[in-house]
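Read the structure below first, then the notes.
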Amino acid sequence: MKTIRRRIRTNSWLIMGLGMTGLLTSCADHNSVTRAAATVNLVNTSGNSIGTANLTENSSGTVTLDVKVNGLPAGSHGIHFHEVGVADPKASPAFSTSGEHYNPASKKHGISNPQGTHAGDLANLEVDAQGNGRLTTTTDRITLTEGATTLFDANGSSLIIHANTDDQVTDPSGNSGGRIAGGVVVKQ
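Using numbering that gives the first Met the number 0, read the sequence shown as starting at 0 and increasing by one per residue.
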């Protein structure tokens, strides 16, 4: 009888412990709930599809960007959100219709710039020798919902890939060179 009571008590503690673990896990996952999403179909200067970008914003306001591309020159490329939701590869110069970097707070350029960071500044996109690249990063400088830093203001926004590495300091574009790919950010 004593053994049965001990087993019941042990099992009760085990069940209660598992229940608490589930409760804590559900609390931890609360901030990862997606509250908004967007996509970008990326094209090169010839208008050919080279990849996509997916954006999700969680309930704490952090936006995750996942970019997958192919057919680009190998190396490091600056990539930024731009202030206009038009990305015309046939414009002269290509993608100039997207305007400047998204910068609603009028900051300086570059993640490493001590005078601030454009809201649209991102880490560089690394492309391998086969022309494939992937960038997964997070930012709290933009939002996919309403607010002062929304990508969905009256002008919309675009995502642009540049020819060269962004030095993350030099204003206005980090010496990242011409625009070689881009697309419009579309709310899901």
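Note that the Cβ used here is the ideal one computed from N, Cα and C, for glycine as well. Note that the structure is predicted; figures quoted are calculated from it, not measured.
{"Check": "Cβ-Cβ distance between Glu56 and Ser156 below 9 Å", "Outcome": "no"}
{"Check": "Straight-line Cα distance separating Gly50 from Thr44", "Outcome": "13 Å"}
{"Check": "Alpha-carbon to alpha-carbon, Asn53 and Val32", "Outcome": "16 Å"}
{"Check": "Residue range of the beta strand (DSSP E) that includes Phe80", "Outcome": "78-81"}
{"Check": "Where Thr61 sits in the DSSP three-state scheme", "Outcome": "coil"}
{"Check": "Element boundaries [beta strand (DSSP E), containing Ser157]", "Outcome": "157-161"}
{"Check": "Cβ neighbour criterion (16 or more within 10 Å) applied to Ala73", "Outcome": "exposed"}
{"Check": "Proximity test, Thr51 beta-carbon vs the ligand ATP heavy atom, cut-off 8 Å", "Outcome": "For the structure depicted, the ligand ATP is absent and the ligand set is empty, with no information on it obtainable."}
{"Check": "CA nearest to the CA of Val184, picked from Asp165, Thr63, Gly70, Phe80", "Outcome": "Phe80"}
{"Check": "Sequence-distant residues of its chain with Cβ nearer than 6 Å to Ala122 (five each side left out)", "Outcome": "Thr136"}
{"Check": "Reduced DSSP secondary structure (H/G/I, E/B, other) of Thr144", "Outcome": "coil"}
{"Check": "Residue range of the beta strand (DSSP E) that includes Ile110", "Outcome": "First-last for Ile110: undefined, no H or E at that position."}
{"Check": "Distance CB(Arg133)-CB(Ile159) smaller than 9 Å", "Outcome": "no"}
{"Check": "Asp149, DSSP secondary structure in three states", "Outcome": "The identity of residue 149 in the sequence shown is Thr, whereas the question assumes Asp. Here Thr149 sits in strand by DSSP."}
{"Check": "Contact belief for Ala36 with Leu143 at Cβ below 8 Å, rounded distance in angstroms", "Outcome": "7 Å"}
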